[in-house]
Each structure stands twice: as C-alpha cells, then as structure tokens.
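K.L.:
Each residue of the sequence shown is one higher than the one before, starting from 94 at the first, in this note's numbering.
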Amino acid sequence: MNILLWVIAALLAAAFLFSGLFKLALPHEKYVAAQDWAEDAPSWAPHAIGALEVLGAIGVVLPAMANTAPLLVPIAATGLALVMIGAVAMHLRRGEIPALAPSGVLLILAAIVAGGRFGPYAF
Numbered sequence: 094m095n096i097l098l099w100v101i102a103a104l105l106a107a108a109f110l111f112s113g114l115f116k117l118a119l120p121h122e123k124y125v126a127a128q129d130w131a132e133d134a135p136s137w138a139p140h141a142i143g144a145l146e147v148l149g150a151i152g153v154v155l156p157a158m159a160n161t162a163p164l165l166v167p168i169a170a171t172g173l174a175l176v177m178i179g180a181v182a183m184h185l186r187r188g189e190i191p192a193l194a195p196s197g198v199l200l201i202l203a204a205i206v207a208g209g210r211f212g213p214y215a216f
C-alpha cells in the first residue's frame, strides 16, 4: 500500500503541477478563452487556484522525499482535496457534467493519499 500511495502522490503532483502552472502562466483573458468557468470568476481567482495547486503538488511529494516534515504530505493532500471539492461544486453549479470526471477523480485520489498518510501508512 505504501508504494501505491507513492504512485498516487506522484500522479497528483504531476496533474496539479501542470494544471497550476497553466493557470499561473496565462493572462486572465487567455485563460478565460481556454476555460469557460473563469469567465464568472474574479480575475485573480485562476492565479490563486494555480498557486494553491502548485504548492499542493510540491507538498504531496517533496517533504517525504527529503524526509523533512513528512507530516506536510497528508496536509497538502487534504488541501488539494479541498480545492477539488470547490471544483466539483463549481462544475455542478454551472451544469458542466463532463468536467466532473477529472475533478472527481483527483478529489478521490487526494483523499486516498490524505487518509493513507494520516492513517496507517503515515511516515
């Protein structure tokens, strides 16, 4: 199970790093053109979410790899799960049913890492 949690954490890190950097790299106008949800959000929201995603991506792997403050891993996974709860709620509110699948999968994976690392497979 420990190896599975590492694999899931690595997948989460890759997904959230890509997503977060995408949000941070694009100006608001270009991001709105690529993602409809940003149209209804304040201009700072995609950048703020992107920063949280990048920090979470780093937090689910780096503390354990460096063996420095490994308690940050489940905390970061919990933070990513909270971000995904917001994403799922926003997609439901907007009626974007196809967008629920990736958000829901990432939510479940983040919850698995958080539960495993806070619970029986803590560092």
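From the three backbone atoms N, C-alpha and C, an ideal C-beta is built for every residue, glycine too.
Who are the Cβ neighbours of Val166 in its own chain at under 8 Å, not counting the five residues just before and after it?
P.N.:
Contacts found: Ala102, Gly152, Val153, Val154, Pro156, Ala157, Val206, Arg210, Phe216.
K.L.:
Could you give the uninterrupted runs of the alpha helix (DSSP H) lying entirely in the stretch 154-194, keeping only those of 4 residues or more?
P.N.:
Taking only runs of at least 4 residues, the alpha helix (DSSP H) segments lying wholly in the stretch 154-194 are 155-158, 165-187.
K.L.:
What residues in its chain sit with their C-beta under 6 Å from that of Ala170, if we drop five residues either side in the sequence?
P.N.:
Closer than 6 Å at Cβ, skipping near neighbours: Val153, Ala203, Val206, Ala207.
K.L.:
Express the C-alpha separation of Leu148 and Glu189 in angstroms, rounding to a whole number.
P.N.:
Those two C-alpha atoms are separated by around 26 Å.
K.L.:
Can you give the Cα-Cα distance for Val198 and Ala159, rounded to whole angstroms?
P.N.:
Near 27 Å, if we compare the C-alpha coordinates of Ala159 and Val198.
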